[in-house]
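Asker: Chains as they are written, first to last, in this note's numbering: chain R, 1 to 239; chain B, 1001 to 1529.
Glycine included, each C-beta is placed from N, C-alpha and C at the ideal position.
Shown next, in the form of structure tokens:
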């Protein structure tokens, strides 16, 4: 579903945020991307989502090159940044309708999907209010609904559990499972290693822009925990 | 005191950084923008003072120049800071952070108010000092002490526009707590203020045309609420320290009293402003769908109409176009009489320049990218061609501009009894100018984005892109005016309008070309700036 080959990103000023990263995410897979602050996780996710320009490497989503066939790649993708800022001058329903228009979701289908996810996240009643009046958690839920109604083939999320209450986090995991069962994939970054260990089929650990470990979660962890593995890798000479 | 000075520095830097161009040479760019403000004030003061001084000197009422120009300085300061006060003092996005710091609300509010005061001081000083120089040039009484006294008085007089904007901000806060539609209440109130300012400017301009006979009326007008301006003129021209002390006290006393009063209630005011009415009874009904273009256009419209400061900073020209048409129709007889008396004066090119001036103030696209702010990711990851995203921003500006242009054009053409060729060329010039401004503003904004502004006021009023997209097209208007001045005789109205049209067609083509060629790439790299 997602192929990243030799991706590198250097910011103006010379900082090399990501260095020769290659990884694949298969259909039906939940893939966790782990690293300390400033390791290059967000840069990678933003490049995959087509939000950030890059010149080195090739990224393809469902066979569409992110750089040369970006519209087709974006059409099958839903991206949520770590702190999703939304249009505060729109009401929740206006925002969802706007997103549905941009992603060309048909009228009946959008209504069913908004009802499904809105009710699940208990946000339907608030959809008539301006987003500016929402709490952080409500904004996070609205952003998640806007991503889920697209029925993406690849769901990219940066720190998705920050700001979510436990029941919303539980729901989110259910919807991920639903998406993956339908052949989609989830690629997300997190600092919550327990969640990554429980949810992810595979994980990748990145340090100072370089991939230092990748594999099936159970094999990578072995008898230890993901936290121990991560701390060990952070402490040793990798990167 | 150290905390307060740090806060003041922070707030003033926030104002300056709003005007910066790019990240490098930060302070220089902020200072450059202040220099632009100073230049504008200098220009306004120079033109008005020179117009007035000759007439006033002839009737021995030269000190009245200081009265009128001090009023102009207060009006300009008020106009410049009206929306900034709302954003910087009452609507700052860092309120949560600031109020959680060990700083009193009084210190916080005073520091924000003084930052505004410092910004206003530039325009006040650069209005009053040139007026003083021209006053002395025409032989006004007072001698060499006029300028230093005027300078010191400027520091006190500048408290008045700052005070007025604080009161307006408070009224807005009060209104916000009582109306469910906060944006609408705010828009209506600002419309009322704008109307008052326009009426005041009209009164001032018409007084200037006939100032010699209007001296007693003007003096009577200032006897009441305008007493501080008389005190300033009396004190400066007569080196009367007593009058000046009264003036300084009249400015300082109410300022401190109001600042103290508002600072005392500051936390309550900003809490009320940030409070939103929410409802939780929404029932999902049938949803309308549209194509990508329609969705983007609706979003632009909702942002524009839902952001009062955006509407009033970019919509004044839209009001002025039909407004000028209506005024011209009302004074149609006077215009006809003037046309007969002026004996063949070529006016259509001047009308074209006037229409262009109104259009240049409608720089909606000049702030459109910056106002996306941190939500820019929504458009960047959407499966929509960048050319469509940018195109819809241009189309929205044209959608609100063209109907007003058409209304103004019809009425002005009728009132000035233009020939069919002049009618057609006037419309063509207006259309081309509007077509040039929309992509040009967007191209400028893509070059100078301000995605991290602390509030919308900073973007719309003070950002480099907002200023450049408004003032650079005015350079073309200046060229038109100079051409009219030197070539209207040999070329005639139609000839001159045709040349304007050719120039505008070239500039319009260049604007579109620049946007189409560079726009998508600049848009993709927005967050790296």
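Can you give the Cα-Cα distance for residue 1132 of chain B and residue 1097 of chain B, rounded to whole angstroms?
Answerer: Here residue 1132 of chain B refers to the residue found at position 132 of the second chain. Here residue 1097 of chain B refers to the residue found at position 97 of the second chain. Roughly 44 Å separates the two Cα atoms.
Asker: Quick check on residue 225 of chain R - is its C-beta less than 8 Å from some C-beta in chain B?
Answerer: Taking the first chain and counting its residues from 1, the one referred to as residue 225 of chain R is at position 225. No, because no Cβ of chain B sits closer than 8 Å to the Cβ of residue 225 of chain R.
Asker: Considering only the alpha carbon of each residue, which of B/1107, B/1229, B/1373 lies closest to residue 89 of chain R?
Answerer: If you number the first chain from 1, residue 89 of chain R lands on position 89. Among B/1107, B/1229, B/1373, the Cα nearest to that of residue 89 of chain R is on B/1373.
Asker: Per DSSP, residue 189 of chain R forms a beta bridge with which residues?
Answerer: By 1-based counting over the first chain, the position of residue 189 of chain R is 189. BP columns for residue 189 of chain R point to R/33, R/158.
Asker: How would you list, in chain order, the residues of chain B whose beta-carbon sits under 8 Å from the beta-carbon of residue 51 of chain R?
Answerer: Taking the first residue of the first chain as position 1, residue 51 of chain R is located at position 51. Result: 1377, 1380, 1381, 1527.
Asker: Do residue 1335 of chain B and residue 1415 of chain B count as a contact pair if the criterion is CB distance below 8 Å?
Answerer: As a working mapping, residue 1415 of chain B is identified with position 415 in the second chain. As a working mapping, residue 1335 of chain B is identified with position 335 in the second chain. Yes, they are a contact pair.
Asker: Do residue 76 of chain R and residue 2 of chain R come within 8 Å of each other at the CB atom, strictly closer than that value?
Answerer: Numbered from 1 along the first chain, position 2 holds the residue referred to as residue 2 of chain R. Numbered from 1 along the first chain, position 76 holds the residue referred to as residue 76 of chain R. Against a cut-off of 8 Å, the Cβ pair of residue 76 of chain R and residue 2 of chain R comes out as no contact.
Asker: Is it buried or exposed, residue 158 of chain R, if we count other Cβ atoms within 10 angstroms and call 16 or more buried?
Answerer: Numbered from 1 along the first chain, position 158 holds the residue referred to as residue 158 of chain R. The residue is buried, with at least 16 neighbouring Cβ atoms inside 10 Å.
Asker: Can residue 210 of chain R and residue 36 of chain R be called in contact, C-beta distance under 8 Å?
Answerer: Your numbering for residue 210 of chain R matches position 210 in the first chain. Your numbering for residue 36 of chain R matches position 36 in the first chain. No, they are not a contact pair.
Asker: Let me know the secondary structure DSSP gives residue 212 of chain R once reduced to three states.
Answerer: As a position in the first chain, residue 212 of chain R is number 212, starting the count at 1. Correct three-state label for residue 212 of chain R: strand.
Asker: How about residue 1307 of chain B: is its C-beta nearer than 8 Å to some C-beta of chain R?
Answerer: Taking the first residue of the second chain as position 1, residue 1307 of chain B is located at position 307. Yes, because at least one Cβ of chain R sits closer than 8 Å to the Cβ of residue 1307 of chain B.
Asker: Could you name the residues of chain C that residue 111 of chain R contacts, counting a contact when the two beta carbons are closer than 9 Å?
Answerer: Reference to chain C is not applicable here, since the protein chains of this structure are R and B.
Asker: For a contact meaning CB atoms closer than 8 Å, what does residue 1267 of chain B contact in chain R?
Answerer: Taking the first residue of the second chain as 1, we reach residue 1267 of chain B at position 267. Under the 8 Å cutoff, chain R gives no residues; its nearest Cβ is about 20 Å from residue 1267 of chain B.
Asker: Look up residue 1009 of chain B in the DSSP assignment and say whether it is helix, strand or coil.
Answerer: Within the second chain, numbered from 1, the residue matching residue 1009 of chain B stands at position 9. Three-state DSSP puts residue 1009 of chain B in a helix.
Asker: With a Cβ-Cβ cutoff of 8 Å, do residue 144 of chain R and residue 134 of chain R count as a contact?
Answerer: Within the first chain, numbered from 1, the residue matching residue 144 of chain R stands at position 144. Within the first chain, numbered from 1, the residue matching residue 134 of chain R stands at position 134. Not a contact, by the Cβ cut-off of 8 Å.
Asker: Distance, Cα to Cα, residue 1311 of chain B vs residue 1368 of chain B?
Answerer: As a first step, residue 1311 of chain B must be located in the second chain, where it is residue number 311. As a first step, residue 1368 of chain B must be located in the second chain, where it is residue number 368. For residue 1311 of chain B and residue 1368 of chain B, the gap between their C-alpha atoms comes out near 12 Å.
Asker: My output table needs one value for residue 118 of chain R: the three-state DSSP class, helix, strand or coil.
Answerer: For the purposes of this step, residue 118 of chain R is taken as the residue at position 118 of the first chain. Reduced to three states, the DSSP call for residue 118 of chain R is helix.
Asker: Rounded to the nearest angstrom, what separates residue 1461 of chain B and residue 1313 of chain B at their Cα positions?
Answerer: The count along the second chain starts at 1 and reaches residue 1461 of chain B at position 461. The count along the second chain starts at 1 and reaches residue 1313 of chain B at position 313. Going by the C-alpha atoms only, they are around 7 Å apart.
Asker: DSSP puts residue 5 of chain R in a beta bridge; with which residues?
Answerer: Residue 5 of chain R sits at position 5 when you count from the first residue of the first chain. Answer by DSSP bridge pairing, in chain order: R/58.
Asker: Using CA atoms only, rank isn't needed, just tell me which of R/51, R/44, R/127 is closest to residue 189 of chain R.
Answerer: For the purposes of this step, residue 189 of chain R is identified with residue 189 of the first chain, where counting begins at 1. When each option's Cα is compared against that of residue 189 of chain R, the closest is R/44.
Asker: I want to see whether chain R comes within less than 8 Å of residue 1021 of chain B, judged by CB atoms only; does it?
Answerer: Counted from its first residue, the second chain places residue 1021 of chain B at position 21. Reliability fails at residue 1021 of chain B, whose pLDDT of 47 lies under 50, so the model's placement of it is uncertain and no value is given.
Asker: Excluding five sequence neighbours on each side, which residues of the same chain lie with their C-beta closer than 6 Å to the C-beta of residue 1403 of chain B?
Answerer: Residue 1403 of chain B sits at position 403 when you count from the first residue of the second chain. Excluding positions up to five away in sequence, the list is empty.
Asker: Identify, in the order they occur along the chain, each residue of the same chain with its Cβ nearer than 8 Å to the Cβ of residue 97 of chain R, setting aside the five sequence neighbours on each side.
Answerer: Reading the first chain from its first residue, position 97 is the one you call residue 97 of chain R. Here the set comprises 110.
Asker: For a cutoff of 8 Å on Cβ pairs, would you count residue 85 of chain R as touching chain B?
Answerer: Along the first chain, one-based indexing puts residue 85 of chain R at 85. Chain B, which has a Cβ nearer than 8 Å to the Cβ of residue 85 of chain R, makes this yes.
Asker: Skipping 5 residues on each side, what residues in its chain have a beta carbon closer than 8 Å to that of residue 1024 of chain B?
Answerer: The residue labelled residue 1024 of chain B in the question sits at position 24 within the second chain. Low confidence applies here, because residue 1024 of chain B scores a pLDDT of 48, under 50, leaving its location unreliable; read the following figure in that light. None.
Asker: What are the residues in the segment 1364-1375 of chain B lying within 8 Å of chain R by C-beta distance?
Answerer: Taking 8 Å as the cut-off between beta carbons, the residues of the segment 1364-1375 of chain B near chain R are 1373, 1374, 1375, in sequence order.
Asker: Between B/1261, B/1229, B/1232, B/1233, which has its C-alpha nearest residue 1170 of chain B's C-alpha?
Answerer: Along the second chain, one-based indexing puts residue 1170 of chain B at 170. Its Cα nearest to that of residue 1170 of chain B, the residue B/1261 stands out among B/1261, B/1229, B/1232, B/1233.
Asker: Could you check the C-alpha separation between residue 1330 of chain B and residue 1392 of chain B for me, to the nearest Å?
Answerer: Counted from its first residue, the second chain places residue 1330 of chain B at position 330. Counted from its first residue, the second chain places residue 1392 of chain B at position 392. Whole-angstrom Cα-Cα distance: 37 Å.
Asker: Going by beta carbon distance, what residues of the same chain come within less than 8 Å of residue 54 of chain R, once the five residues before and after it are set aside?
Answerer: Against the first chain, residue 54 of chain R aligns to sequence position 54. So the list reads 7, 8, 9, 47, 67, once near-sequence residues are dropped.
Asker: I'd like the list of long-range same chain contacts for residue 1074 of chain B, defined as Cβ closer than 7 Å, with 5 residues on each side in sequence excluded.
Answerer: For the purposes of this step, residue 1074 of chain B is taken as the residue at position 74 of the second chain. Cβ-Cβ distances below 7 Å link residue 1074 of chain B to 1157, 1160, 1161 in the same chain, with the five nearest sequence neighbours on each side left out; the list follows chain order.
Asker: Can you list, in chain order, the residues of its chain with a C-beta nearer than 8 Å to that of residue 1297 of chain B? Leave out the 5 residues immediately preceding and following it.
Answerer: If you number the second chain from 1, residue 1297 of chain B lands on position 297. Taken in chain order, the residues that qualify are 1392, 1395, 1396, 1399.
Asker: Quick one: which chain B residues come within Cβ less than 7 Å of residue 97 of chain R?
Answerer: In the first chain, residue 97 of chain R corresponds to position 97, counting from 1. Within chain B, the residues near residue 97 of chain R are 1287.
Asker: Less than 8 Å between the CB atoms is what I'm expecting for residue 1109 of chain B and residue 1263 of chain B, so what's the real figure, rounded?
Answerer: Here residue 1109 of chain B corresponds to residue number 109 of the second chain, with the count starting at 1. Here residue 1263 of chain B corresponds to residue number 263 of the second chain, with the count starting at 1. Contact holds; Cβ gap of about 4 Å.
Asker: Does the separation of the CB atoms of residue 1042 of chain B and residue 1056 of chain B fall below 8 Å?
Answerer: By one-based count along the second chain, residue 1042 of chain B stands at place 42. By one-based count along the second chain, residue 1056 of chain B stands at place 56. No. Outside cutoff.
Asker: Exposed or buried, which one is residue 1443 of chain B when buried takes at least 16 other CB atoms within 10 Å?
Answerer: Looking up residue 1443 of chain B in the second chain gives position 443. It is buried - the Cβ of residue 1443 of chain B has at least 16 other Cβ atoms within 10 Å.
Asker: Enumerate in chain order the residues of its own chain whose CB-to-CB distance from residue 1038 of chain B is below 6 Å, with the five nearest sequence positions on each side excluded.
Answerer: Indexing the second chain from 1 puts residue 1038 of chain B at position 38. Same-chain partners within the cutoff: 1122, 1126.
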